[in-house]
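Residue numbers (the working numbering): 949 to 1089.
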């Protein structure tokens, strides 16, 4: 989940190491809140519910290759890259004279995520987004 817990342990205490496994998969599509993936090695199809993905669902697009995390052979979530490139599908039009140092406006991305972007960006442009914070990084093209 990306959260950090701070705990203090004595020197003689042992920690159980969780049995975590990763499988490389390709995201295929979403139907009825069920996200469908294909194992790139075995071509087996895997399914995750929307609640298993959490906010990660905002950063995956069709044909994207990523890792599914397993605990005791059960899928628990996905491991996203730090940045993803996504297309702006809806935003207010840029106005002549808007600069990179100006304000920001909301933009809906191809995955449905809403990100604040600079005023000069328009629909159809590709941007890079930080998957950890959900923030705009830069325009790609």
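For each residue, glycine too, the CB sits at the ideal point set by N, CA and C. Computed from a predicted model, the values in this text were never measured in an experiment.
DSSP three-state label for residue 1007, please. Residue 1007 falls in the helix class under three-state DSSP.
Going by DSSP, what residue range makes up the alpha helix (DSSP H) through residue 998? 998-1001
Using three-state DSSP, classify residue 1061 as helix, strand or coil. Shown here, residue 1061 sits in coil according to DSSP, grouped into three states, outside any helix or strand.
For residue 955 and residue 1029, the rounded distance between their alpha carbons: 28 angstroms
Segment contact, 8 angstroms Cβ cut-off, at least three pairs: the segment 959-978 with the segment 1005-1020: yes
Less than 9 angstroms separating the beta-carbons of residue 1077 and residue 1010? no
What first and last residue would you give for the beta strand (DSSP E) that runs through residue 972? Counting along the chain, the beta strand (DSSP E) containing residue 972 begins and ends at 968-979.
Of the residues 1023, 1015, 987, the one placed nearest residue 999, counting alpha carbons only: Here the closest residue by C-alpha is 1023.
Distance check for residue 1027 and residue 1096, CA to CA, integer angstroms please. Any property of residue 1096 remains undetermined from this structure, which presents the chain solely from 949 to 1089.
Helix, strand or coil at residue 1073 [DSSP, three-state]: coil
Name, in chain order, the residues that DSSP records as bridge partners for residue 1020. DSSP output for residue 1020 lists no bridge partner at all.
Kindly indicate the opening and closing residues of the beta strand (DSSP E) around residue 1039. 1031-1039
Strictly by DSSP, which residues pair up with residue 991? None; residue 991 has no bridge partner.
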